[in-house]
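Asker:
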């Protein structure tokens, strides 16, 4: 089975690295300190603070493993190689949204970097998939759970 690659911009990769470093250094120390304090309360079988700290530690370690895995599978998009004639991962695309009669702008990113509230949509999302390969002037229709959305590609940049 082929491992799924994580497509990331350099900025996205750097953010994940920073988050991982924070979790491994600062957060681990905080959780270890909470565990130490909870253990000092005595009888671990009836110690809610200890149970809570152990659960937090387990969640933290799982988060660290997931970030490690994402970074290990990361393929950094060379933004200088982005084709500005078509929408690709790494493109910033300006669209006209027919449903809302407005212009919007999205960055097409890998799933690990997606954040719709910041205008970063995954290449694997319905809108991201539909936009891949589109050119300026083309109209794209996207099937979404409550019907179809229609967009016109106005500009592609990086």
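In this note's numbering, the protein residues as written are 4 to 161. Here a beta-carbon is modelled for each residue, glycine too, at the ideal position from N, C-alpha and C.
Pull up the CB-CB distance for residue 70 and residue 22, whole angstroms please, since I reckon it's below 8 angstroms.
Answerer: Translated into the one-based positions of the chain shown, residue 70 becomes position 67. Translated into the one-based positions of the chain shown, residue 22 becomes position 19. That pair is a contact at about 6 angstroms.
Asker: Can you look up residue 158 in the DSSP assignment and give me helix, strand or coil?
Answerer: As a first step, residue 158 must be located in the chain shown, where it is residue number 155. DSSP places residue 158 in strand when its eight states are reduced to three.
Asker: What would DSSP say about residue 150, mapped onto helix, strand or coil?
Answerer: By one-based count along the chain shown, residue 150 stands at place 147. Strand, per DSSP.
Asker: Pick from 86, 59 and 102: whose alpha carbon is nearest that of residue 150?
Answerer: On the chain shown, residue 150 is found 147 positions in, with the first residue counted as 1. The option with the nearest alpha carbon to residue 150 is 102.
Asker: Per the contact definition of three or more C-beta pairs closer than 8 angstroms, is the segment 39 to 49 in contact with the segment 102 to 115?
Answerer: Contact between the segment 102 to 115 and the segment 39 to 49 is absent, because fewer than three Cβ pairs lie under 8 angstroms.
Asker: Span of the alpha helix (DSSP H) holding residue 92?
Answerer: Numbered from its first residue, the chain shown carries residue 92 at position 89. Run containing residue 92: none; DSSP gives neither H nor E here.
Asker: Please name the residue in 52, 115 and 144 whose C-alpha comes closest to that of residue 129.
Answerer: Residue numbering aside, residue 129 sits at position 126 when the chain shown is read from its first letter. Of the candidates 52, 115 and 144, the one whose C-alpha sits nearest the C-alpha of residue 129 is 144.
Asker: Please report how far the alpha carbon of residue 46 lies from the alpha carbon of residue 92, in whole angstroms.
Answerer: Here residue 46 corresponds to residue number 43 of the chain shown, with the count starting at 1. Here residue 92 corresponds to residue number 89 of the chain shown, with the count starting at 1. When rounded, the distance between both Cα atoms is 54 angstroms.
Asker: Taking the beta carbon of residue 126 as the centre, do at least 16 other beta carbons fall within 10 Å, making it buried, or is it exposed?
Answerer: Within the chain shown, numbered from 1, the residue matching residue 126 stands at position 123. When all chains shown are included, residue 126 counts as buried.
Asker: Span of the beta strand (DSSP E) holding residue 67?
Answerer: One-based indexing of the chain shown puts residue 67 at position 64. No beta strand (DSSP E) holds residue 67; the alpha helix (DSSP H) holding it covers 51 to 75.
Asker: Count the other CB atoms, across all protein chains shown, that sit within 10 Å of the CB of residue 98; report buried if there are 16 or more and exposed otherwise.
Answerer: One-based indexing of the chain shown puts residue 98 at position 95. That one is buried.
Asker: Looking only at its chain, what residues have a beta carbon closer than 8 angstroms to the beta carbon of residue 66, apart from the 5 residues adjacent to it on each side?
Answerer: For the purposes of this step, residue 66 is taken as residue 63 along the chain shown, with counting starting at 1. Contacts found: 26.
Asker: Return the bridge partner residues of residue 130 from the DSSP annotation.
Answerer: Counted from its first residue, the chain shown places residue 130 at position 127. Bridge partners of residue 130: none, in fact.
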